[in-house]
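Listed in order, the protein sequences are those of chains V and S.
When you line the first sequence up against the working numbering, it's residues 182 to 371, in that order.
When you line the second sequence up against the working numbering, it's residues 240 to 428, in that order.
A quick write-up on the structure given underneath.
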Amino acid sequence: MNTTSCQSPLEWDSLLAYWLGELDPDSEARIEEHYLGCARCSRRLEKLAALAQGVQVLAQVSGVTAVIDEPFVHRLTESGLRVREYRVPLNGSVNCTVTPEDDFVVARLEAPLDGVTRLDMVDVYSGGTSEIRHEDIPFVAESGSVVFSTRIAALRALPVTTVRVRLLAVDNNGERTIGEYTFNHTPGAI
Amino acid sequence: MLLSDPDNLPDEATLARRVAQASPGTDREAEAELCRRLAPRVRLYGLRHLRDAAAAADLMQQVMLMTIERLRAGALREPERLASFVFGMCRMVVLELRRGNMRRERLLETYGEVLEPVETPPPNPDRGRLAHCLERLPERERTILLLTFYDNMPAEALARELNLTPANVRVIRHRGMERLRECVTGATL
C-alpha cells in the first residue's frame, strides 16, 4: 500500500464503531488488517483515539459540568476519588463548598419524575440576572432524582454565591415547574 | 536516503523486502523506517484491545521486535502481505500479554536500537478546547460520552443504567462524537 493514499478509506463511523467495540469479530478484523497497512486510515484512527482519550481525561478530572447518574458516582468513589456530595430535597436548599481535597462535587436534586417525558434544568445566578437553560437532560424517572457534577475548576473560582436550580417538565402542553433548589455556595471549607 | 524525497517514499512491502534480502541487521535504515510507520498503528491496536497506554506500548515494542526478527530471518514470503503478518502478530502478542508470557528482554537486547525512532507522542487535542466543545454538546450527548469514555463502558451496560436501548446509546454517542470532532478540529479528520 502507498504511504499516503488509500483506495478504500474507512469511514469515520466505522472507525468509531470499531473503537467503541460495537462491531462483530469479522468486521473488526477487516478494519484492523486495513489500518495496520494504511497510513491514512491509521492517522485518522489515531486522531479519533486521541479525542476519546481527551474525553476520558476530562471525565476523570471533573473537567466538564454534566448530568451524570448514580452508578457513575459509585464508580468515582470506588476508584478512590474524593467526591463531595450534596442531596437537596424538593424545593430545599443546601450550604455548599469545595475544598482543595475534593476531586468531584456532585449534587442530587430530589424530584418526582414519574410521567415526565422531557426534563429541562435552569440555573439562575445571584439576583436572577442571568439564567442558563439545559434542555432535555437525561434522567431515570424511577431514581426520583437528578444528579449532576459541576466542573471543579468553575466551583473553585466561585465567590460567595447563591445559585437556584429549577427543574421543568416539558411536554406538548407547555412546561411546569417540578422543583426549585437553592445552593448557598461559600469558597473553601465551611 | 529514505526520507530525502517525501513524495516518493518506498512502500512498506518494498521496505520489508529490503530487510529480508539484506544480510541480517545490515539495512538499519529500512528497518527503522518500517518501525516508524508501523509502530503507531500497532500501538492503536494495543490501545483498542488492552485499553491501557503502558500495555499498548509493551505490545508495540514486542510486535515490532518480532516483525524485524522475522523479516531478517526471511519468514515473510509475501512482503505485500505485511499488514496481515503484523495483524497476526498483534493478535498473538495480545494473547501472550494477557497470559503474562513475554520474551521482551532478550528481543530488546538484540533489536532495541531499531526501535529508537518510534518514540513519537500520539496527537493530543487541546484540553481547554475539548472541554469547551464538550460543554457545547446537547446534554444527553455530553453525559453519554463522559460515561462511555470514563471507563470504556459498553453500550449495553450504559443503556441499562440510563433506561435507554443500546441502539439509542450508540446513536447518541456517534452523533456526539461527530459534533465533538467538528468542533475540535473545525474540519474533517
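The C-beta atom is built at its ideal place from N, Cα and C for all residues, glycine as well.
Keep in mind that this is a model prediction, so the values were computed, not measured.
Rounded to whole angstroms, what is the Cα-Cα separation between S:Arg412 and S:Ser262? Looking up residue 412 of chain S in the second sequence gives position 173. Looking up residue 262 of chain S in the second sequence gives position 23. If you take the alpha carbons of S:Arg412 and S:Ser262, they lie about 51 Å apart.
For the segment 258-275 of chain S against the segment 319-338 of chain V, are there 3 or more C-beta pairs whose distance is under 8 Å? The segment 258-275 of chain S vs the segment 319-338 of chain V: no contact.
Contact set between the segment 235-249 of chain V and chain S, restricted to residues whose Cβ is under 8 Å from the partner: Listed by position, the residues of the segment 235-249 of chain V near chain S (Cβ gap below 8 Å) are Gly235, Val236, Gln237, Val238, Leu239, Ala240, Gln241, Gly244, Val245, Thr246, Ala247, Val248, Ile249.
I need the DSSP call for V:Tyr362, collapsed to helix, strand or coil. To locate residue 362 of chain V, count along the first sequence from 1; it is residue 181. In the displayed model, V:Tyr362 falls within a strand according to three-state DSSP.
Just verifying my parser: in three-state terms, what is the DSSP assignment at V:Ser274? Here residue 274 of chain V refers to the residue found at position 93 when the first sequence is read from its first residue. In the three-state DSSP reduction, V:Ser274 falls in the strand class (E or B).
Limits of the beta strand (DSSP E) - the one that V:Glu291 falls within: As a first step, residue 291 of chain V must be located in the first sequence, where it is residue number 110. For V:Glu291, the uninterrupted beta strand (DSSP E) run begins and ends at 285-291, by DSSP.
Which chain A residues are close to S:Pro364, counting only those with a beta carbon under 9 Å from its beta carbon? No chain A is part of this structure, whose protein chains are labelled V and S.
Once DSSP output is grouped into helix, strand and coil, what is the label at V:Asp304? Within the first sequence, the letter at position 123 stands for residue 304 of chain V. In the structure shown, V:Asp304 sits in a strand (DSSP, three-state: E or B).
Within the segment 191-257 of chain V, note down every full alpha helix (DSSP H) run reaching 4 residues or more, in order along the chain. Fully enclosed alpha helix (DSSP H) runs of no fewer than 4 residues occupy 193-200, 206-217, 220-241 of the segment 191-257 of chain V, in order along the chain.
With a 10 Å radius around its C-beta and 16 neighbouring C-beta atoms as the bar for buried, classify V:Pro270 as buried or exposed. For the purposes of this step, residue 270 of chain V is taken as the residue at position 89 of the first sequence. Flag for V:Pro270 reads exposed.
If the criterion is Cβ atoms closer than 8 Å, does the pair S:Leu401 and S:Thr387 meet it? In the second sequence, counting from the first residue as 1, residue 401 of chain S sits at position 162. In the second sequence, counting from the first residue as 1, residue 387 of chain S sits at position 148. If you check the CB distance, S:Leu401 and S:Thr387 do not come in under 8 Å.
By the three-class DSSP mapping on this structure, what secondary structure does S:Ser429 have? Residue 429 of chain S lies beyond the range of chain S shown here (240 to 428); nothing can be said about it.
Closest by CA to V:Arg347, which one among V:Ser195, V:Asn353, V:Ala338, V:Arg289? By one-based count along the first sequence, residue 347 of chain V stands at place 166. When only C-alpha atoms are compared, the closest one is V:Arg289.
Could you check whether the segment 243-263 of chain V touches the segment 376-390 of chain S, counting it as contact only if at least three pairs of C-beta atoms, one from each stretch, sit closer than 8 Å? The segment 243-263 of chain V makes contact with the segment 376-390 of chain S; the number of CB pairs closer than 8 Å reaches 3 or more.
Beta carbon of S:Ala252 nearer than 8 Å to that of V:Leu239: Taking the second sequence and counting its residues from 1, one reaches residue 252 of chain S at position 13. Taking the first sequence and counting its residues from 1, one reaches residue 239 of chain V at position 58. Result no, Cβ atoms of S:Ala252 and V:Leu239 do not sit closer than 8 Å.
Own chain, CB closer than 6 Å to S:His288, minus 5 neighbours either side, in chain order: Locating residue 288 of chain S in the second sequence gives position 49, counting from the first residue. Excluding positions up to five away in sequence, the list reads Val333.
Interface partners of S:Thr382 on chain V, CB under 7 Å: Residue mapping note: residue 382 of chain S aligns to position 143 of the second sequence, counting from 1. In chain order: Ala247, Val248, Ile249, Pro319.
Per-residue burial, S:Ala312 [other beta carbons within 10 Å of its own, 16 or more giving buried]: Translated into the one-based positions of the second sequence, residue 312 of chain S becomes position 73. Classification of S:Ala312: exposed, given that the 10 Å Cβ count is below 16.
Please check the pair S:Ala278 and S:Met303, which I expect to be a contact at CB under 8 Å, by giving their CB distance rounded to whole angstroms. Along the second sequence, read from residue 1 onward, the residue named residue 278 of chain S stands at position 39. Along the second sequence, read from residue 1 onward, the residue named residue 303 of chain S stands at position 64. In this structure S:Ala278 touches S:Met303 by the C-beta definition: roughly 5 Å separates them, less than 8 Å.
Since V:His315 meets chain S, which of its residues come closer than 8 Å, beta carbon to beta carbon? If you number the first sequence from 1, residue 315 of chain V lands on position 134. Going along chain S in sequence order, the residues near V:His315 (Cβ under 8 Å) are Glu378.
By how many angstroms is the C-alpha of V:Gly369 removed from the C-alpha of V:Asn353? Translated into the one-based positions of the first sequence, residue 353 of chain V becomes position 172. Translated into the one-based positions of the first sequence, residue 369 of chain V becomes position 188. Near 44 Å, if we compare the C-alpha coordinates of V:Gly369 and V:Asn353.
Cα-Cα separation between S:Cys422 and V:Asp317, rounded to whole angstroms: Position 183 of the second sequence, counting from 1, holds the residue named residue 422 of chain S. Position 136 of the first sequence, counting from 1, holds the residue named residue 317 of chain V. In this structure, the CA atom of S:Cys422 is about 21 Å from the CA atom of V:Asp317.
Using a beta-carbon distance cut-off of less than 7 Å, what residues from the segment 249-270 of chain V approach chain S? Listed in sequence order: Ile249, Asp250, Pro252, Phe253, Arg256.
Go to V:Leu349, then tell me how far its beta strand (DSSP E) extends in each direction, as first and last residue. Here residue 349 of chain V refers to the residue found at position 168 when the first sequence is read from its first residue. That run of the beta strand (DSSP E) goes 342-352.
From S:Gly367, S:Arg330, S:Glu319, S:Glu395, residue whose alpha carbon lies closest to that of V:Leu201: Numbered from 1 along the first sequence, position 20 holds the residue referred to as residue 201 of chain V. That would be S:Glu395, whose Cα lies nearest to the Cα of V:Leu201.
With S:Arg267 as the anchor, note down where its alpha helix (DSSP H) starts and where it stops. Numbered from its first residue, the second sequence carries residue 267 of chain S at position 28. In this chain, the alpha helix (DSSP H) harbouring S:Arg267 covers 267-289.
Quick one: grab the DSSP three-state call for V:Ile333. On the first sequence, residue 333 of chain V is found 152 positions in, with the first residue counted as 1. Assignment of V:Ile333 by DSSP, reduced to helix, strand and coil, places it in the helix class.
Determine whether the beta carbon atoms of V:Ser223 and S:Arg280 lie at a separation below 8 Å. Reading the first sequence from its first residue, position 42 is the one you call residue 223 of chain V. Reading the second sequence from its first residue, position 41 is the one you call residue 280 of chain S. Yes, these two residues count as a Cβ contact at 8 Å.
I'd like to know whether the C-beta atoms of V:Ser243 and V:Ile333 end up nearer to each other than 8 Å. If you number the first sequence from 1, residue 243 of chain V lands on position 62. If you number the first sequence from 1, residue 333 of chain V lands on position 152. Cβ distance < 8 Å, so V:Ser243 and V:Ile333 count as in contact.
Just to confirm, are S:Glu378 and V:His315 a CB contact at a threshold of 8 Å? Locating residue 378 of chain S in the second sequence gives position 139, counting from the first residue. Locating residue 315 of chain V in the first sequence gives position 134, counting from the first residue. A contact, by the Cβ cut-off of 8 Å.
Could you please give the first and the last residue of the uninterrupted beta strand (DSSP E) stretch that includes S:Ile307? In the second sequence, the residue the question calls residue 307 of chain S occupies position 68. Not the beta strand (DSSP E): S:Ile307 falls in the alpha helix (DSSP H), residues 292-311.
Any idea what DSSP makes of S:Glu417, helix, strand or coil? As a working mapping, residue 417 of chain S is identified with position 178 in the second sequence. In the structure shown, the three-state DSSP call for S:Glu417 is helix.
Keeping to the same chain, check which residues put their C-beta closer than 6 Å to that of V:Ile359; ignore five residues upstream and five downstream. Along the first sequence, read from residue 1 onward, the residue named residue 359 of chain V stands at position 178. For V:Ile359, same chain residues with a beta-carbon under 6 Å away, outside a window of 5 residues either side, are Ala292, Leu348, Ala350 in chain order.
Comparing C-alpha positions only, which one of S:Gly285, S:Leu254, S:Leu298 sits nearest to S:Arg273? For the purposes of this step, residue 273 of chain S is identified with residue 34 of the second sequence, where counting begins at 1. The sequence shown places Leu at residue 273 of chain S, rather than the Arg named in the question. Per the Cα distances, S:Leu254.
Against chain V, with Cβ distances strictly below 8 Å, would S:Ser262 count as a contact? The sequence position of residue 262 of chain S within the second sequence is 23, counting from 1. So no, S:Ser262 is outside the interface.
With C-beta atoms as the reference, is V:Ala277 less than 8 Å away from V:His366? Taking the first residue of the first sequence as position 1, residue 277 of chain V is located at position 96. Taking the first residue of the first sequence as position 1, residue 366 of chain V is located at position 185. Note on residue identity: the sequence assigns Cys, not Ala, to residue 277 of chain V. Less than 8 Å divides the Cβ of V:Cys277 from the Cβ of V:His366.
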